[in-house]
Every structure is written in structure tokens, then in C-alpha cells.
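Heads up, the thing below is written out as C-alpha cells.
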Amino acid sequence: MVTSGAFAAATEDPRVGAMLPCNVVIYERDDGAVMIGAVDPMQSLGAGGAPALRQLADTVKEKLSRALAAIE
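When you read off a place in the sequence shown, starting at 1, and then add 2, the result is the number in the numbering used here.
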């Protein structure tokens, strides 16, 4: 069973710790607009990793995408 999150990733491969946390930034532009940005977990966690890590990164990406879409 694959669970999501930093703990699951580090449990699968402790070297992943160098790439965590999955960064999300929220900031206000000069014009008052609020911007949200997030690192694509497939680019860091899933890039060239073990199949379980790629699966985990895909799961995290899906959840992050849904969360960002919900606040747009």
C-alpha cells in the first residue's frame, strides 16, 4: 500500500529527504492579486526514482492539483 506524504517517501528511500519538503508558496503581488505556486513532485520526487516513489509522486501531484484547483 502506498501512502502519500513526506514520511512515506522517506520510508521508501531515505535519500529523498534531500528533496523535501514539497514546496508551496503563497504571496501577494503589488497589484493585490494572490499567487500560489507549487513544485511538481514528479520533477523532484518522481524523477528517476524507484517505481514506488514515482507512484507516490504521482499521487501527491494529483492531490496537490485538486487542492490548487479548488482555490482558483
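Beta carbons: idealized from backbone N, C-alpha and C, even for Gly. Owing to the predicted nature of the structure, the values given are computational and were not obtained by experimental measurement.
Ignore the nearest five residues each way along the sequence and tell me which others in Gly39's own chain have a CB closer than 6 Å to its CB. As a first step, residue 39 is located in the sequence shown; it is residue number 37 there, counting from the start. Val27.
Beta-carbon proximity check, Ala11 vs Leu66, cutoff 8 Å: Locating residue 11 in the sequence shown gives position 9, counting from the first residue. Locating residue 66 in the sequence shown gives position 64, counting from the first residue. No, the pair does not count as a contact, with Cβ atoms beyond the cut-off.
Taking all protein chains shown into account, decide if Leu70 is buried (16 or more other Cβ within 10 angstroms of its Cβ) or exposed. Reading the sequence shown from its first residue, position 68 is the one you call residue 70. Burial call: exposed.
Distance, Glu64 Cα to Ala52 Cα: Position 50 of the sequence shown holds residue 52. Position 62 of the sequence shown holds residue 64. The alpha-carbon atoms of Ala52 and Glu64 are separated by roughly 19 Å.
Going by Cα to Cα distance, which pick from Val36, Leu55, Ile73 is closest to Arg17? What you label residue 17 is simply residue 15 of the sequence shown in a count that begins at 1. With distances taken between Cα atoms, Arg17 lies closest to Leu55.
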